[in-house]
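Residue numbers (this note's numbering): 8 to 386.
Notes follow the structure.
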Ligand SMILES: Cc1cc2nc3c(=O)[nH]c(=O)nc-3n(C[C@H](O)[C@H](O)[C@H](O)COP(=O)(O)OP(=O)(O)OC[C@H]3O[C@@H](n4cnc5c(N)ncnc54)[C@H](O)[C@@H]3O)c2cc1C
């Protein structure tokens with residue numbers, strides 16, 4: 008039988024807020040709540056150390072959606088949803104930069120480029136033909152054109168010679184961002200406890216009793232669930248499916264002929280230069296959506312070979328590629344990639360479903376969580 012010490016019970020038995028999930032969303036939301044309600048005790052619990060799910064397993068793109076991806080988004084949802092999502096991501100990155108500063112999170116304003124391989128020339132025509140429409144639709148967000156046609160000739164890639172440049176995008180260093188967010192939360196007085204997996208909770212009129220797998224319970228006034236791709240384990244009927252993303256980083260390759268971040272295949276494939284001599288490449292989920300709808304964080308030979316072949320035929324044609332790092336992470340996905348933020352019940356609030364660009368969304372989401380809390384509970 009599991010036993011709980013007197014000390015564990017004394018130390019963790021009660022809180023004003025419990026936040027489940029120490030990813031970018033949980034930590035920033037906790038910090039915003041603590042700042043606004045400084046007398047409250049805010050605990051963040053996570054089953055893993057160091058944001059194991061996505062926040063330290065992403066590609067570090069500070070991006071809002073390539074032109075091909077935005078067209079796909081409009082077709083899958085609606086113009087209003089696609090525009091709203093683009094705006095949240097754009098504002099989210101501005102908030103991250105405003106809060107932590109570009110240097111602290113390793114942000115490089117390289118811009119982002121969408122490239123098209125020769126076999127995608129029909130898709131390229133469709134996207135180039137829609138740039139005017141997309142630019143006028145997105146103009147309201149920042150008063151500028153989001154997309155410009157650029158020459159890809161000097162990149163050395165085996166792609167058609169025109170690409171689409173997004174001047175406001177860039178790359179950041181995910182470990183620096185995570186450290187900055189975590190330190191900021193701790194400095195604000197948020198308590199973070201790892202190795203605590205929530206198995207369930209019971210809510211009554213006064214409180215929520217949060218049950219840890221270890222047997223410990225924490226009684227709190229409000230619960231905030233920031234479990235993104237893992238949310239279905241706690242709330243099975245939520246419209247958030249897990250979506251695994253696999254990522255690979257090459258061995259050092261010598262000086263590369265390109266820099267910055269790149270999108271291809273409607274955003275399903277993404278790659279970037281790292282440190283000037285390695286390439287990070289990830290994605291390809293559209294190869295097999297069903298297989299990747301999983302919380303199992305492993306890499307598979309099928310995806311590794313697919314991305315290796317893309318590297319050798321498109322990104323660095325003719326070069327033999329070996330990967331030195333490989334990993335996967337889990338996103339929270341749905342046809343509609345707008346996040347779910349709001350009350351699930353009287354005392355349980357949700358901030359989940361960050362789609363493929365939750366780094367960009369996270370600061371915006373944290374502000375929105377606070378907005379919902381202040382609006383409904385008062386300041
Ligand atoms: C491979 C990959 C590449 C990506 N690339 C980019 C990118 O370049 N740019 C971008 O903007 N976004 C990217 N993303 C998306 C982005 O990383 C995520 O959307 C973002 O990190 C989500 O943050 P989060 O805090 O909502 O969730 P997470 O970081 O997933 O955090 C959720 C936390 O909840 C914890 N948890 C879950 N269930 C429980 C439980 N029952 N009890 C306790 N703890 C629990 C997990 O351990 C986890 O730490 C990528 C994601 C992946 C997987």
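C-beta: ideal position from N, C-alpha, C; glycine also.
| query | result |
| --- | --- |
| Limits of the beta strand (DSSP E) - the one that residue 358 falls within | 355–359 |
| Residue 310 beta carbon near ligand 1 (any heavy atom closer than 6 Å) | no |
| For residue 44, three-class secondary structure by DSSP | coil |
| Given residue 136 as reference, the closest of 74, 125, 109 once Cα atoms are compared | 74 |
| Cβ-heavy atom distance, residue 356 to ligand 1, below 6 Å | no |
| Reduced DSSP secondary structure (H/G/I, E/B, other) of residue 31 | helix |
| Helix, strand or coil at residue 253 according to DSSP, with G and I counted as helix | strand |
| Contacts around residue 186, its chain only, beta-carbon distance under 7 Å, and the 5 residues preceding and following it disregarded | none |
| heavy atom of ligand 1 below 6 Å from residue 59 C-beta | yes |
| Residue 349, enclosing beta strand (DSSP E) - first and last residue | 347–350 |
| According to DSSP, residues forming a beta bridge with residue 112 | DSSP output for residue 112 lists no bridge partner at all. |
| Beta strand (DSSP E) runs wholly inside the stretch 145–215, at least 3 long, in chain order | 155–158, 169–173, 198–201, 205–210 |
| With 16 other Cβ atoms within 10 Å as the buried cut-off, status of residue 268 | buried |
| Residue from 22, 42, 141, 41 with nearest C-alpha to residue 81 | 141 |
| 8 Å CB neighbourhood of residue 209 in its chain, flanking five on each side removed | 215, 216, 218 |
| Secondary structure of residue 67, DSSP reduced to three states | coil |
| For residue 296, the three-state DSSP class (helix, strand or coil) | coil |
| Nearest candidate by alpha-carbon position, reference residue 211, set 229, 46, 203 | 229 |
| Cβ-based burial, residue 121 [other Cβ within 10 Å; buried from 16] | buried |
| Span of the beta strand (DSSP E) around residue 275 | Neither: residue 275 is in no beta strand (DSSP E) and is coded neither H nor E. |
| At least three beta-carbon pairs within less than 8 Å, the stretch 265–279 to the stretch 62–72 | yes |
| 8 Å contact criterion, which residue 368 and residue 99 should meet: CB distance rounded | 5 Å |
| Simplified DSSP state of residue 136, which is helix, strand or coil | helix |
| Residue 305 in three-state terms, based on DSSP | coil |
| Sequence-distant residues of the same chain with beta carbon closer than 8 Å to residue 206, five excluded per side | 218, 219, 220 |
| Contact check, residue 337 vs residue 56, beta carbons under 7 Å | no |
| Close-in-space but distant-in-sequence residues of the same chain around residue 171 (CB under 6 Å, 5 per side omitted) | 74, 121, 154 |
| Residue 370: first and last residue of the uninterrupted alpha helix (DSSP H) it sits in | 365–384 |
| heavy atom of ligand 1 below 6 Å from residue 270 C-beta | no |
| Touch test, the stretch 249–264 against the stretch 329–349, Cβ-Cβ under 8 Å, three pairs minimum | yes |
| Proximity below 7 Å, CB of residue 333 to CB of residue 306 | yes |
| Counted within 10 angstroms of its Cβ, other Cβ atoms place residue 259 as buried (16 or more) or exposed | exposed |
| Cβ distance (whole Å) where residue 348 is taken to contact residue 247 below 8 Å | That belief does not hold up - the Cβ atoms of residue 348 and residue 247 are roughly 12 Å apart, past 8 Å. |
| Candidates 94, 363, 241, 48, of which the one nearest residue 293 by Cα | 363 |
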